[in-house]
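Notes follow once the structure below has been shown.
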Ligand code: GLA
């Protein structure tokens with residue numbers, strides 16, 4: 014399969030698939046939370062593990078592997094349990110951690126994940142119960158449950174659609190969105206109705222991504238044929254995807270038993286070109302030598318993370334049909350061999366082995382820049398103060414950009430509590446957000462703030478990335494002085 018995708022970032026032309034429909038469908042995207050303006054990247058346990066092995070130790074081991082394998086450094090961030098019996102509903106109707114499986118509590122797991130510079134993902138279901146009926150669903154508890162997810166410091170929730178008889182899908186997802194909004198924590202909503210209710214037509218107003226198909230495999234074994242069918246169904250929905258609202262052809266099967274190295278490469282290329290969420294589903298603790306370079310191929314990831322957010326679409330045409338002058342000298346970058354050739358006139362010829370892929374970018378100039386890829390060293394600032402004399406404390410978070418070019422300074426939202434101020438400084442491509450905490454006049458107690466920072470595309474002025482992180486302050490004694 015050879016595809017060519019077009020995308021533009023900061024006036025450079027990327028090439029690797031396809032043409033666009035003449036008139037894009039009207040977009041209903043209505044969320045201004047800045048979340049997942051580029052497709053989310055992360056890991057979920059379901060494809061490889063299914064339900065039973067999931068527990069705190071497994072998730073923590075995966076988190077550690079995500080960091081040590083280098084996956085965090087190329088943008089993978091959302092991680093946490095899928096349907097893994099991590100909570101139940103207590104007799105008062107409140108969601109409560111299953112402490113046998115998650116002894117640190119779901120909040121404790123979230124803190125662990127945030128301190129590692131990753132984002133916390135959880136799972137629920139819009140019906141009475143999750144699919145296996147092992148966990149409660151949110152039906153009739155939407156507002157309390159979203160409050161609980163916020164209290165657990167969740168950043169991303171996958172909302173399944175099992176056991177939803179009699180529920181209207183649009184109304185239900187709207188209610189869950191309203192509930193999340195009321196809970197006050199920005200959370201990515203990943204809707205999982207397997208395409209039921211054609212969510213691409215309406216869900217951008219109430220969520221951030223939606224499954225377009227049934228499950229990609231049974232837990233534990235990849236299914237290449239099913240994955241390819243899903244890809245070809247998903248690509249047809251290309252008009253409906255864009256920044257902050259994505260078609261989701263399911264979690265990835267790269268690195269799972271059942272796929273060859275060539276198939277892993279092809280699969281990853283397809284998901285990158287389709288602007289699909291890059292949610293790995295393999296066992297990150299045991300990756301073969303070829304799996305890590307595939308999952309961490311920054312040049313392929315760059316195609317996926319293009320801020321334009323245009324989903325690739327299949328065409329079988331001449332280059333001239335997609336606006337490329339065939340006689341002009343063009344440079345071709347092979348994103349798997351990492352070689353550039355050219356200038357070529359009148360196209361190029363590529364031989365592709367069965368099930369393998371040629372993933373190419375084409376440019377008029379010999380430059381193939383990477384879009385911004387954002388990595389943080391931590392998403393949690395946590396301080397404890399014992400002193401009753403006023404002081405100013407400081408804690409920094411470093412935001413790295415693995416893209417080619419410097420980003421403008423992150424802009425921190427204005428409305429922070431009086432005890433917190435944040436300044437941003439630049440050091441090469443890294444930026445440091447310094448959190449200054451003034452304890453003057455604070456009473457004994459727990460203080461919490463969510464900091465939002467935005468980055469804006471310099472040419473178009475469009476929002477490009479938003480990050481959120483938590484600041485916790487524990488004050489053990491009343492502090493003298495006056496709060497500024
Ligand atoms: C559905 C989803 C899967 C997984 C399981 C859990 O089948 O599509 O991705 O979350 O539920 O039971």
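Residue numbers (our numbering): 14 to 497. Note that beta-carbon positions come from the ideal geometry of N, C-alpha and C, so glycine has one too.
Assigned with DSSP and collapsed to three states, residue 395 falls in strand. Looking at the DSSP output, residue 54 bridges to 291. Scanning its chain for C-beta atoms nearer than 7 angstroms, with the 5 sequence neighbours on each side dropped, one finds around residue 419 the residues 442, in chain order. A direct Cα-to-Cα measurement between residue 144 and residue 459 gives close to 37 angstroms. CA-CA distance, residue 289 to residue 329, rounds to 21 angstroms.
According to DSSP, residue pairing for residue 104 in a beta bridge does not occur. Not one heavy atom of the ligand GLA sits closer than 6 angstroms to the Cβ of residue 191.
Cβ contact annotation for residue 203 (same chain, cutoff 6 angstroms, sequence separation greater than five): 171 and 222, in chain order. Check the Cα spacing between residue 176 and each of 151, 168, 158 and 125: the tightest is with 151.
Look at residue 316 here: in three-state DSSP terms it is helix. Residue 118 and residue 106 have their C-alpha atoms some 18 angstroms from each other.
In this structure, residue 59 has its CB closer than 6 angstroms to one or more heavy atoms of the ligand GLA. Around the beta carbon of residue 439, a 10 Å sphere encloses fewer than 16 other beta carbons of the protein chains shown; the residue is thus reported as exposed.
For residue 444, the uninterrupted beta strand (DSSP E) run begins and ends at 443-451, by DSSP.
Taking the C-beta atoms as reference points, residue 108 is found no nearer than 7 angstroms to residue 46. The DSSP-derived three-state label of residue 476 is strand. Residue 488 places its beta carbon 7 angstroms or farther from that of residue 448. Residue environment analysis places residue 193 among the buried positions, since at least 16 neighbouring C-beta atoms fall within 10 angstroms of its C-beta. Between the region 361-369 and the region 269-288 there are three or more inter-stretch CB-CB distances shorter than 8 angstroms, so the stretches are counted as touching. Taking residue 267 as the centre and dropping the five residues before and after it, the same chain places the C-beta of 277, 280, 281, 293, 295, 304, 307 and 308 closer than 7 angstroms to its C-beta, in chain order. According to DSSP, residue 405 shares a beta bridge with 451.
Excluding sequence positions up to five before and after residue 165, its CB lies within less than 6 angstroms of the CB of 119, 120 and 123, all in the same chain and listed in chain order.
For residue 339 against residue 355, the beta-carbon gap comes to about 13 angstroms, at or over 8 angstroms, which does not count as contact.
C-alpha of residue 69 to C-alpha of residue 100: approximately 12 angstroms in a straight line. For residue 72, no beta strand (DSSP E) segment is defined; the enclosing uninterrupted segment is the alpha helix (DSSP H) at 69-81. Counted as a single uninterrupted DSSP element, the alpha helix (DSSP H) harbouring residue 60 occupies residues 59-62. Separation of residue 54 and residue 385 (C-alpha to C-alpha, rounded to the nearest whole angstrom) is 14 angstroms. For residue 135 against residue 94, the beta-carbon gap comes to about 7 angstroms, under 8 angstroms, which counts as contact.
Between the alpha carbons of residue 325 and residue 283 lies a distance of about 9 angstroms. Set against 6 angstroms, the gap from the CB of residue 96 to the closest heavy atom of the ligand GLA is smaller.
Leaving aside the five residues that flank residue 78 on each side, the residues in its chain whose CB is nearer than 6 angstroms to its CB run, in chain order, 297 and 298. Excluding sequence positions up to five before and after residue 417, its CB lies within less than 7 angstroms of the CB of 382 and 383, all in the same chain and listed in chain order. The ligand GLA never approaches residue 261 closely enough for any of its heavy atoms to be under 6 angstroms from the residue's Cβ.
In the structure shown, residue 209 adopts coil according to DSSP, grouped into three states.
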